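**Q** My questions will all concern the structure given below.
There are 6 protein chains.
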Amino acid sequence: MRILVVNPNTTVGMTAKIGEAARSVAAAGTEILAVNPAMGPVSIEGFYDEALALPGLLQEIARGEAAGANGVVIACFDDTGLDAARALATVPVVGICESALAAAGMIATKISVVTTLSRSLVPIEGLVRRYGFAERARVHASDIPVLSLEDSASGAGSILRAAIKSALESDGSDAVVLGCAGMADLARDLTAEFGVPVIDGVSAGVKMVEALVGLGLKTAKSGAYARPLDKTYTGALADFAPAVILRG
Amino acid sequence: MRILVVNPNTTVGMTAKIGEAARSVAAAGTEILAVNPAMGPVSIEGFYDEALALPGLLQEIARGEAAGANGVVIACFDDTGLDAARALATVPVVGICESALAAAGMIATKISVVTTLSRSLVPIEGLVRRYGFAERARVHASDIPVLSLEDSASGAGSILRAAIKSALESDGSDAVVLGCAGMADLARDLTAEFGVPVIDGVSAGVKMVEALVGLGLKTAKSGAYARPLDKTYTGALADFAPAVILRG
Amino acid sequence: MRILVVNPNTTVGMTAKIGEAARSVAAAGTEILAVNPAMGPVSIEGFYDEALALPGLLQEIARGEAAGANGVVIACFDDTGLDAARALATVPVVGICESALAAAGMIATKISVVTTLSRSLVPIEGLVRRYGFAERARVHASDIPVLSLEDSASGAGSILRAAIKSALESDGSDAVVLGCAGMADLARDLTAEFGVPVIDGVSAGVKMVEALVGLGLKTAKSGAYARPLDKTYTGALADFAPAVILRG
Amino acid sequence: MRILVVNPNTTVGMTAKIGEAARSVAAAGTEILAVNPAMGPVSIEGFYDEALALPGLLQEIARGEAAGANGVVIACFDDTGLDAARALATVPVVGICESALAAAGMIATKISVVTTLSRSLVPIEGLVRRYGFAERARVHASDIPVLSLEDSASGAGSILRAAIKSALESDGSDAVVLGCAGMADLARDLTAEFGVPVIDGVSAGVKMVEALVGLGLKTAKSGAYARPLDKTYTGALADFAPAVILRG
Amino acid sequence: MRILVVNPNTTVGMTAKIGEAARSVAAAGTEILAVNPAMGPVSIEGFYDEALALPGLLQEIARGEAAGANGVVIACFDDTGLDAARALATVPVVGICESALAAAGMIATKISVVTTLSRSLVPIEGLVRRYGFAERARVHASDIPVLSLEDSASGAGSILRAAIKSALESDGSDAVVLGCAGMADLARDLTAEFGVPVIDGVSAGVKMVEALVGLGLKTAKSGAYARPLDKTYTGALADFAPAVILRG
Amino acid sequence: MRILVVNPNTTVGMTAKIGEAARSVAAAGTEILAVNPAMGPVSIEGFYDEALALPGLLQEIARGEAAGANGVVIACFDDTGLDAARALATVPVVGICESALAAAGMIATKISVVTTLSRSLVPIEGLVRRYGFAERARVHASDIPVLSLEDSASGAGSILRAAIKSALESDGSDAVVLGCAGMADLARDLTAEFGVPVIDGVSAGVKMVEALVGLGLKTAKSGAYARPLDKTYTGALADFAPAVILRG
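Residue numbers (this note's numbering), protein chains in the order written: chain A, 1 to 248; chain B, 1001 to 1248; chain C, 2001 to 2248; chain D, 3001 to 3248; chain E, 4001 to 4248; chain F, 5001 to 5248.
Following this line, the structure appears as structure tokens:
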């Protein structure tokens, strides 16, 4: 099984860390392809960055499926372009927010999500509602910029720990979800430190794709995820055509 | 007052029709600038098209605000990129689904939304929930492709009328919202024919922007619509930088 | 265009202030008629006052429409008798809570509503849910009696400011809605002071009615807002017959 | 125990029928006082009639409590003025829609509510949501005018039976609630005919008030049902002052 | 009328207290049968205890109905096995959480539920949602073990009072529901002390059953509460067969 | 990895079929232990059967974990005793309704659940809400008794196919979930026949447990799934003590 893990921002160091987290949980026969787009923002912090990350993300997914990927993980906690990706792909596609919440919901009753900037609260709260966790999960910002997680001298670790401690107390929760792909390397340590399950979405996404592929499931093509209709694209996007790549 | 009306697809004929609908309701002192991006899909039918329409749409909004627009209407019924646009702009930005529902909700109790393809049902139902109309509005597909609305010989008119009739009966509704910018020219006739208010989102969007501008309101910049952070964009999007245009 | 703005309580000074706020945002061709009933309570603070304000309010609306008003704003933040008014009138009728939330929802993501007495929290929270803002708006009481807003020596201004500050912090909101018609004169100053949009419902109501009238919309008469059936009214209400006034 | 049952419309024959239904279930020591206002509409069909019924209804409740009633049933299925009545009274006040749903919810899983005119669907659906039955109860109109229930030659009985049959089938429900006080005499027969519990709100209201009084409960006065504040009422309502009556 | 009140745990002293509370509000002609199962846990604190209490509880209900009980109160605040009991019984069955919320909802607007251990928060919050009180009631733990309520020297009373005080303040509520059958004896005193209605579910349950029986209502048998199908039970449950007891 | 799959009813043939379905999707290194309790009902059809299945189910889970199982699938579509099982176990426990919905939600937008008897609609609809699929999934009964799925001559297959066809049409769904463990062998064929993903919960449950175990997750023990408190159990359950088995 070959799983494509797409970091939708263009920061190569973060892609490496994400790939490592993915490989650390992948089953014996699973190959992880960790990539990021060549075009787009260096990090995704809010609605605007997410929008500009989409074309590059979709291009990577099209290339990955054309190259034989059996499933896709979108490795940004706003589940960047998840619906568009599912319309494009025929293999299963999951988001890391979605996967982390699904896993957390099966082992705990109340969930604290701890993310980076406060501008991401509203988009993530929207995902929490979409995935059916409105009554069980609350979202908190730690006010750590995404890329400071890549910098060990930034103090991000201790700020994150303080945010987790505060969230567990105020929510009365029994599990934590880390709300940024850049935190993927911290889950195991934090689980030990806090004594509650602390879940990283990248790892969860890999296991969810393994599960879907293992069930022989493909993305449903008879509804809103129907294959994109053939149509003309112009301008900068004319040469760039994920759907065309896939149609081969 | 100058209102930018952006058709997020690249079909110029549809932009013209949208501009006409906008002008037909604009107040005496309101100038309408109807534009469409140079890059992107010729029509937006589903999640994938929407994603690829975003960069071009955001570019038009940045240019429009830089050129003095006081407010923006996004003239596609999936409210393409509404949150990203609000993060980008400082002037008010409204979607036509949002505006049509807001207007309908002030004059009626139950609302039938009639859109084009069935693949658009799920995205529009998502908007209905987002805007707080889950208990009041139901969405129906007429199975008319968007561009057939541009072709008077397509029979789209009579198919649409049948879909409206059926929706009113099954919903017990007292108002209709037309679920595609390409239907903007039909609202007045359909109101007369069906004896219930039939609302076009393009017109509603113009009046909502006039209202917001008249109230002196700007998009809130202290929360999730905070101005995009300065960061590097690479690849095809490097030269294209809506946020940079705006910071100008 | 002629817009009837009805203050549903009987305090003439408050009607004057409301009229002034309405005129300050009205479009060039819009005439504002600010009135209040001759019968009813001097202020509306809670469910009981609201009920006793209804007959006088409906009478003013019937008179206004008979005299040529093109639309109606009900200028009390509990949106007094909104449904009954819509059943009575054929022109559009909006409430100021409804209008303020609609405007706020188009420029911000999370909204703090700051009202007067704590006994109004439950009725306003009911409106917040009705208008679809349950996930986005929270309501706070400042414990200022309505009529103290008419008395510049009452200290109401500083109490209100403290309540707004506290609400913004606890809600993490990016806009404020003033929850009483008696605060209509404060929005502009408070916007400047707090650096977030602060919205007054009276102004918002006027612009929403202008929008609806500009769209050629009338209140839907085929559903729950159907014209009241002809029937006998007895007692103190026999001589008083809003529906009869309208039927001419 | 003395229970005041107020029919909020002015039709004396309907009050008599309501009183009879109330007495048929009242406990041994319970005295039923069935009254109707002297002022207001002859029947309540929609939002407008409800509004004009309020002053007379509140006056009857004030008189009743002053005369020693231990609890109040508001005997119209739109639960006319329930919140205002609770703010006015210190004894418990229940609505018949509320009481019927509470009873139905304790013996069945899904509930069909069958009411009179379709213009009452929206108000009753609002009550269904308010009382927490949105997922369990659906509302149907039989298109019987309220007063035709008072006329045995109207054929209302067979129309109602057809509506119940259709509702049970389409809802897959296991209980029926009769959605009009004028149907209070039919519950027992319909239960036998349809083989499912058919519940009348007037009877249910009496038993709920008996329960609340038996528990020694009074209406809470520290929140939104706080005693109306002392204030001036003018015009036709000056002489009429339910709150003053109660303050004695 | 004969009402079976089942304490689903095996602590006889608690059954006695529950019986006393039930009798203190029962109507003149109502006989209270307070029982507890011979098998099961000594107290119910969380999901696991609840599951193991079910067989004994159902056996008591079958015996009670066979012996002529006209209705049943399940006297544990997690409404242990309510749906199974309703499927088994033909007489009405109510839970004490359900009954207390129903009563509270008719006299107050916002409700604070104060229960024992924090592990019971999630199950009770589930009930609050099920009964339609998600927007009106919040649940608080006092961290008192259930059986310490049976021990006057445990200090449970003062801990409970502190929890009630804190809950009223943070919720802005106007009524309190005691979230454990073991608190049944405290409601009257606490009502006096706090000046808000404080409601005990055991008492409320008795009055609700009296109401349902007085209305001639039986549990609906055409839906999800249909009589259990005849089938073989094996093992420890073979000899024990509530449904068989009832079928006689 | 060793996964315990518990069929909570006592029908050995069904356990065998469930075990086969589980093994057909299990990863290379996963051992499946398919068991059923010795005590309880031969099938679970409705709330009552579910209650009596709990003690036997919990006993099997305790034995399984004591014997080294790394995770548990509860193989009945009402997710029998899921919360109690999670409180008992330290390894992850999933239900098959939960697992099937989670998988379906990642590849499709709208889901039709097709179950056996109509008395199971309400319990399963409750699960659909609990897992956050209220807006996406609808439940249908095929009126096939559970055990007729074990009898190839019963015609159950063609009845089920008709129910699936009807559900897809009325729901406009793009995926089907089979609502009974007894249908576990049919998913692959039905997927091919209907051209939409058809999902079996037993298989989905196995893959979800593999995912959770692969992530190193255990059931959270700091909240509502806290380890059962030490306490006395009496009667038929005294000798039977799942929690004691686990505590060793």
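Ideal Cβ positions, reconstructed from N, Cα and C, are used throughout, including at glycine.
Note that the structure is a prediction, hence the values are computed from the model and not measured.
Whose Cβ in chain C lies nearer than 7 Å to the Cβ of Thr4232(E)?
**A** Your numbering for residue 4232(E) matches position 232 in the fifth sequence. By Cβ distance, chain C contributes nothing, its closest Cβ being about 49 Å from Thr4232(E), past 7 Å.
**Q** By Cβ distance, which residues of its chain are closer than 7 Å to Ala175(A), with the 5 residues on each side in sequence left out?
**A** As a working note, residue 175(A) is residue 175 in the first sequence. Only Ala104, Ile107, Ala108, Ile111, Val196, Pro197 and Ile199 meet the Cβ criterion.
**Q** If you draw a straight line from the C-alpha of Ala5134(F) to the C-alpha of Pro2145(C), how long is it?
**A** In the sixth sequence, the residue the question calls residue 5134(F) occupies position 134. In the third sequence, the residue the question calls residue 2145(C) occupies position 145. Cα-Cα distance, rounded: 42 Å.
**Q** Just checking my contact of Ile2061(C) with Val2072(C) at CB under 8 Å: how many whole Å lie between their CB atoms?
**A** By 1-based counting over the third sequence, the position of residue 2061(C) is 61. By 1-based counting over the third sequence, the position of residue 2072(C) is 72. Rounded, the Cβ-Cβ distance is 6 Å, consistent with contact.
**Q** So within the segment 116-189 of chain A, which uninterrupted alpha helix (DSSP H) runs reach at least 4 residues, ignoring any that extend past its ends?
**A** As far as the segment 116-189 of chain A is concerned, its whole alpha helix (DSSP H) runs of at least 4 residues are 121-130 and 156-171.
**Q** Let's see if you can read the secondary structure: which residues bound the beta strand (DSSP E) around Glu2031(C)?
**A** Mapped onto the third sequence, residue 2031(C) falls at position 31. Here the beta strand (DSSP E) through Glu2031(C) covers Glu2031 to Val2035.
**Q** Please give the ranges of any alpha helix (DSSP H) in the segment 3047-3086 of chain D, keeping only runs that are unbroken, at least 4 residues long and fully inside the region.
**A** As far as the segment 3047-3086 of chain D is concerned, its whole alpha helix (DSSP H) runs of at least 4 residues are 3047-3066.
**Q** Can you pull the chain C residues whose beta carbon is under 8 Å from the beta carbon of Val139(A), in chain order?
**A** Here the question's residue 139(A) lines up with position 139 in the first sequence. Correct list: empty, because the minimum Cβ distance to chain C is about 10 Å.
**Q** Give the interface partners of Lys2207(C) over in chain B, defined as CB-CB distance under 7 Å, in chain order.
**A** For the purposes of this step, residue 2207(C) is identified with residue 207 of the third sequence, where counting begins at 1. Residues of chain B passing the Cβ test: Ala1211, Gly1214 and Leu1215.
**Q** According to DSSP, is Arg5002(F) part of a helix, a strand, or is it coil?
**A** As a position in the sixth sequence, residue 5002(F) is number 2, starting the count at 1. Three-state result, Arg5002(F): strand.
**Q** Which same chain residues, not among the five before or five after Leu1101(B), have their C-beta less than 6 Å away from its C-beta?
**A** Along the second sequence, read from residue 1 onward, the residue named residue 1101(B) stands at position 101. Cβ neighbours of Leu1101(B) beyond the five flanking positions: Tyr1131 and Phe1133.
**Q** Compare the C-beta of Val2093(C) against all C-beta atoms of chain E and say whether one is closer than 7 Å.
**A** Along the third sequence, one-based indexing puts residue 2093(C) at 93. Cβ-Cβ to chain E under 7 Å: no for Val2093(C).
**Q** I need the boundaries of the alpha helix (DSSP H) containing Ile3018(D), first residue and last residue.
**A** For the purposes of this step, residue 3018(D) is identified with residue 18 of the fourth sequence, where counting begins at 1. Its alpha helix (DSSP H) spans residues Val3012 to Val3025.
**Q** Near Asn5070(F), what residues of its chain come up, given a Cβ to Cβ distance below 6 Å and the 5 sequence neighbours on each side ignored?
**A** Counting from one through the sixth sequence, the residue named residue 5070(F) turns up at place 70. Met5001, Arg5002, Val5091 and Val5213.
**Q** Looking at C-beta atoms only, is the number of pairs between the segment 1044-1053 of chain B and the segment 1075-1089 of chain B that lie closer than 8 Å three or more?
**A** Yes, since at least three Cβ pairs between the segment 1044-1053 of chain B and the segment 1075-1089 of chain B fall closer than 8 Å, the two stretches touch.
**Q** Is Ala137(A) a contact residue of the ligand SAM, with contact defined as CB to any heavy atom under 6 Å?
**A** Absence of the ligand SAM from the depicted structure is noted, as is the absence of any ligand whatsoever, leaving it without description.
**Q** Apply the 10 Å Cβ neighbour rule to Gly5029(F) and answer buried if 16 or more other Cβ atoms are within range, or exposed otherwise.
**A** As a working mapping, residue 5029(F) is identified with position 29 in the sixth sequence. Exposed.
**Q** Based on DSSP bridge pairs, tell me the residues matched to Ala5198(F).
**A** Numbered from 1 along the sixth sequence, position 198 holds the residue referred to as residue 5198(F). Strictly speaking, residue 5198(F) in this sequence is Val, with Ala absent from that position. Val5198(F) is bridged to Val5176(F).
**Q** Judging by CA-CA distance, which residue of Arg5063(F), Ala5085(F) and Glu5045(F) is the nearest neighbour of Ala5224(F)?
**A** In the sixth sequence, counting from the first residue as 1, residue 5224(F) sits at position 224. It is Ala5085(F).
**Q** Give the residues from the segment 3161-3185 of chain D that approach chain E closer than 8 Å (Cβ to any Cβ), ordered along the chain.
**A** If the cut-off is 8 Å between Cβ atoms, the segment 3161-3185 of chain D has Gly3172, Ser3173, Asp3174 and Ala3175 near chain E.
**Q** With a threshold of 7 Å between beta-carbons, can Val4122(E) be considered close to chain I, or not?
**A** In the structure shown, chain I does not exist; the protein chains are A, B, C, D, E and F.
**Q** Name the residue from Ala5167(F), Met5208(F) and Leu5237(F) whose alpha carbon lies nearest to the alpha carbon of Val5094(F).
**A** By 1-based counting over the sixth sequence, the position of residue 5094(F) is 94. With distances taken between Cα atoms, Val5094(F) lies closest to Met5208(F).
**Q** Buried or exposed, going by whether 16 or more other CB atoms sit within 10 Å of the CB of Val5035(F)?
**A** The count along the sixth sequence starts at 1 and reaches residue 5035(F) at position 35. Classification of Val5035(F): buried, given that the 10 Å Cβ count is 16 or more.
**Q** In the DSSP assignment, what residue or residues form a beta bridge with Val113(A)?
**A** Taking the first residue of the first sequence as position 1, residue 113(A) is located at position 113. Paired residues: Val139(A) and Val177(A).
**Q** Is Thr5116(F) close to chain A, meaning its C-beta is less than 7 Å from at least one C-beta of that chain?
**A** Here residue 5116(F) refers to the residue found at position 116 when the sixth sequence is read from its first residue. No, no contact with chain A.
**Q** Run through the DSSP bridge pairs and tell me what Gly1040(B) is partnered with.
**A** Working through the second sequence from its first residue, we reach residue 1040(B) at position 40. DSSP output for Gly1040(B) lists Thr234(A) as bridge partner(s).
**Q** Would you give the residue range spanned by the alpha helix (DSSP H) that Ala105(A) belongs to?
**A** Locating residue 105(A) in the first sequence gives position 105, counting from the first residue. Before going on, a small fix: residue 105(A) reads as Gly here, not Ala. Per DSSP, Gly105(A) belongs to the alpha helix (DSSP H) from Ile96 to Gly105.
**Q** Against Glu1065(B), what residues of chain C qualify as contacts under a CB-to-CB distance less than 9 Å, listed in chain order?
**A** Residue mapping note: residue 1065(B) aligns to position 65 of the second sequence, counting from 1. Chain C residues near Glu1065(B): none, gap ~14 Å exceeds 9 Å.
**Q** Roughly how many whole angstroms lie between the Cα atoms of Thr3234(D) and Gly1216(B)?
**A** What you label residue 3234(D) is simply residue 234 of the fourth sequence in a count that begins at 1. What you label residue 1216(B) is simply residue 216 of the second sequence in a count that begins at 1. C-alpha separation (whole angstroms): 38 Å.
**Q** If you draw a straight line from the alpha carbon of Cys5180(F) to that of Glu4150(E), how long is it in whole angstroms?
**A** For the purposes of this step, residue 5180(F) is identified with residue 180 of the sixth sequence, where counting begins at 1. For the purposes of this step, residue 4150(E) is identified with residue 150 of the fifth sequence, where counting begins at 1. Their Cα atoms are separated by approximately 44 Å.
**Q** Spatial neighbours of Lys5221(F) within its chain, please: C-beta separation below 8 Å, excluding the five flanking residues on both sides.
**A** Taking the first residue of the sixth sequence as 1, we reach residue 5221(F) at position 221. Cβ within range, chain order: Thr5090 and Arg5227.
**Q** Rounded to a whole number of angstroms, what is the C-alpha to C-alpha distance between Val5(A) and Lys5165(F)?
**A** The count along the first sequence starts at 1 and reaches residue 5(A) at position 5. The count along the sixth sequence starts at 1 and reaches residue 5165(F) at position 165. Taking the straight line joining both Cα atoms gives about 36 Å.
**Q** I need the straight-line Cα distance from Ala192(A) to Thr1115(B), nearest angstrom please.
**A** Within the first sequence, residue 192(A) is the residue found at index 192, counting from 1. Within the second sequence, residue 1115(B) is the residue found at index 115, counting from 1. Their Cα atoms are separated by approximately 52 Å.
**Q** Using the rule of at least 16 other Cβ atoms within 10 Å of the residue's Cβ for burial, across every protein chain shown, is Glu4098(E) buried or exposed?
**A** Against the fifth sequence, residue 4098(E) aligns to sequence position 98. It counts as buried.
**Q** Return helix, strand or coil for Val1209(B), following the three-state DSSP convention.
**A** Sequence index remark: in the second sequence, residue 1209(B) carries index 209 (1-based). It is helical.
**Q** Distance, Cα to Cα, Glu5065(F) vs Leu5033(F)?
**A** As a position in the sixth sequence, residue 5065(F) is number 65, starting the count at 1. As a position in the sixth sequence, residue 5033(F) is number 33, starting the count at 1. Glu5065(F) and Leu5033(F): Cα-Cα distance of roughly 11 Å.
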